[in-house]
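Peer 1: The sequence shown begins at 479 in our numbering and counts up one residue at a time. Built from N, CA and C at the ideal position, the CB exists for glycine as well.
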Amino acid sequence: MTGVHLYRHLDEMAPWNDRLQVLEVAGIVDEAPEVKTFTFRSDAQTWFRYKPGQFITLELPTADGPLMRTYTLASSPSRPFSISITVKAQAGSIGTRWMFDNLKRGSRIKARGPAGDFSHHNHAAGKYLFISAGSGITPMMSMLRWLNDCAPWTDIAFVNCARRPEEIIFRKELELLGANMPGLSLGFMIEERSSRESWFGHMGRIDAVRLPLLSPDFHEREVFCCGPDPFMRAVRTMLEATGFDMAHYHQESFGAPPVEIPPPATTEAGAVVPAEATVPVRFASSNVDGQCVPGQTVLQAARASGVRISAACEFGLCGTCRVRKVSGDVEMNHNGGILDEEIAEGYILACCSKPLTALEIEA
Ligand SMILES: Cc1cc2nc3c(=O)[nH]c(=O)nc-3n(C[C@H](O)[C@H](O)[C@H](O)COP(=O)(O)OP(=O)(O)OC[C@H]3O[C@@H](n4cnc5c(N)ncnc54)[C@H](O)[C@@H]3O)c2cc1C
């Protein structure tokens, strides 16, 4: 995107299609320590159609081969000409660090999606409680930005937790929205003071005493929660203990780190698995006959056989590892990354499917 772009009306443009277009970096902004926002446009002047809170999966072309990483769109579909993701590089990060080091304005990158169910559009309510920690603020920000553009009078309690004041992502924008949206009440909570930014707000961790201080009527709200798994577990446990109706609780997990896979012919303890306990898996497009040891997923068996199936979240959410099953049965425990229609058409998610019988898949 180097030249000057003339404005085109939305109805003169087609929506983004992940099979036909790639993303082009339009801007990169530092948000907080080790946190950056990447804004993308389509390389073909298309617009982006998604629900606030949905995610995309980027294909990062690293020197060691393509790496799939899933990121929530922090932007709002009410501004459909671009999308943005806000990403935090954890210690030892490979994918996110690659983006920090390699993506520049004008870089082009393949992406899949948007996808995902975590959106207030799926659970419309009169009052919301958004509760997030760390980079888990991104889906809340997308929903809040949408509400600011399209329903600014909405009653929203927004509670955000961070380690230190300077690690609160989007703090200035949130304060500005708090001044402009009459129904928005903001509550920040930090764990440690810091010499870099002053702090006069709440300190400690969110618990059954602090939550009612930040949102006294939380029982009446549709709750959306996102953050590290221990944080979400604590919020869940706390709400359950107060008798909160958990049908009104929704959470998004950013997932567990990938686990190294044992080779197919041995158990995790290293013992050789008897041949009769393994299940044959044929990877038809690769013309490879593999084996799945008890407990292994189809994705793990593919890797052990040298067959590449693209995967990102690896817990049945992002849908990247969707493959068609030609024959055989699997037990699939997904987290919403595949539609019922797709299952009826014979598709499975390789990361969360374990063979029950001999299997043939298109991979
Ligand atoms: C639906 C969904 C939405 C997501 N949205 C965002 C988002 O908006 N912003 C964002 O920054 N990330 C988001 N993630 C997480 C993101 O996909 C990556 O898992 C995360 O950025 C780590 O990838 P990496 O390449 O940086 O690190 P990796 O190279 O995968 O791992 C490097 C190090 O980070 C640790 N690690 C791996 N994954 C995580 C994790 N999720 N949390 C903490 N430590 C981890 C590993 O143990 C390892 O030490 C989302 C994930 C999902 C499934």
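Kindly indicate which three-state DSSP category ALA510 falls into: helix, strand or coil?
Peer 2: ALA510: strand per DSSP, three-state reduction.
Peer 1: Heavy atom of ligand 1 less than 7 Å from the Cβ of GLY570, yes or no?
Peer 2: Answer for GLY570: yes, Cβ within range of ligand 1.
Peer 1: Tell me the DSSP bridge mates of ALA611?
Peer 2: Note: ALA611 sits in a beta bridge opposite CYS639.
Peer 1: Ignore the nearest five residues each way along the sequence and tell me which others in PRO660's own chain have a CB closer than 8 Å to its CB.
Peer 2: These residues qualify, in order along the chain: PRO630, TRP631.
Peer 1: Please confirm whether ASN562 and PRO530 have their CB atoms less than 8 Å apart.
Peer 2: With the sequence shown as reference, residue 562 is identified as Ser, and Asn is not the correct amino acid for it. Their beta carbons are not under 8 Å apart, which means SER562 does not touch PRO530 by this criterion.
Peer 1: At a threshold of 7 Å, does ILE563 count as lining ligand 1 (C-beta to nearest heavy atom)?
Peer 2: Result yes, Cβ under 7 Å from ligand 1.
Peer 1: Quick one: what does DSSP say ILE739 is sitting in, helix, strand or coil?
Peer 2: Note on ILE739: pLDDT 47, under 50, position unreliable in the model; the coordinate value appears next. Looking at ILE739 - three-state DSSP - the assignment turns out to be coil, as it is neither helix nor strand.
Peer 1: Tell me which same chain residues have a C-beta within less than 6 Å of the C-beta of SER805, skipping the five on either side of it?
Peer 2: Cβ neighbours of SER805 beyond the five flanking positions: GLU838.
Peer 1: Looking only at C-alpha atoms, which of ASN580, TYR606, SER783 sits nearest to ALA762?
Peer 2: Among ASN580, TYR606, SER783, the Cα nearest to that of ALA762 belongs to SER783.
Peer 1: Indicate whether GLY705 and ALA611 have their beta-carbon atoms separated by less than 8 Å.
Peer 2: Going by C-beta atoms, GLY705 is nearer than 8 Å to ALA611.
Peer 1: Please go through the same chain and pick out, in chain order, the residues whose beta-carbon is closer than 8 Å to the beta-carbon of THR775, but skip the five residues on each side of it.
Peer 2: ALA828, CYS829, CYS830, SER831, LYS832.
Peer 1: For GLU669 and ASP695, I'd like the C-alpha separation in whole angstroms.
Peer 2: Each residue's alpha carbon lies about 24 Å from the other.
Peer 1: Is the Cβ-Cβ distance between ASP521 and ARG586 less than 8 Å?
Peer 2: Going by C-beta atoms, ASP521 is nearer than 8 Å to ARG586.
Peer 1: Using CA atoms only, rank isn't needed, just tell me which of VAL503, THR535, SER560 is closest to GLU792.
Peer 2: That would be THR535, whose Cα lies nearest to the Cα of GLU792.
Peer 1: Please state whether DSSP places ALA790 in a helix, a strand or coil.
Peer 2: Here ALA790 sits in coil by DSSP.
Peer 1: Let me know if GLY570 comes out buried or exposed under the rule of 16 or more other beta-carbons within 10 Å of its beta-carbon.
Peer 2: Result: exposed.
Peer 1: Beta-carbon within less than 7 Å of ILE787's beta-carbon, same chain only, minus the 5 sequence neighbours each way: which residues are those?
Peer 2: These residues qualify, in order along the chain: LEU777, ALA780, CYS799, VAL801, ALA828, ALA841.
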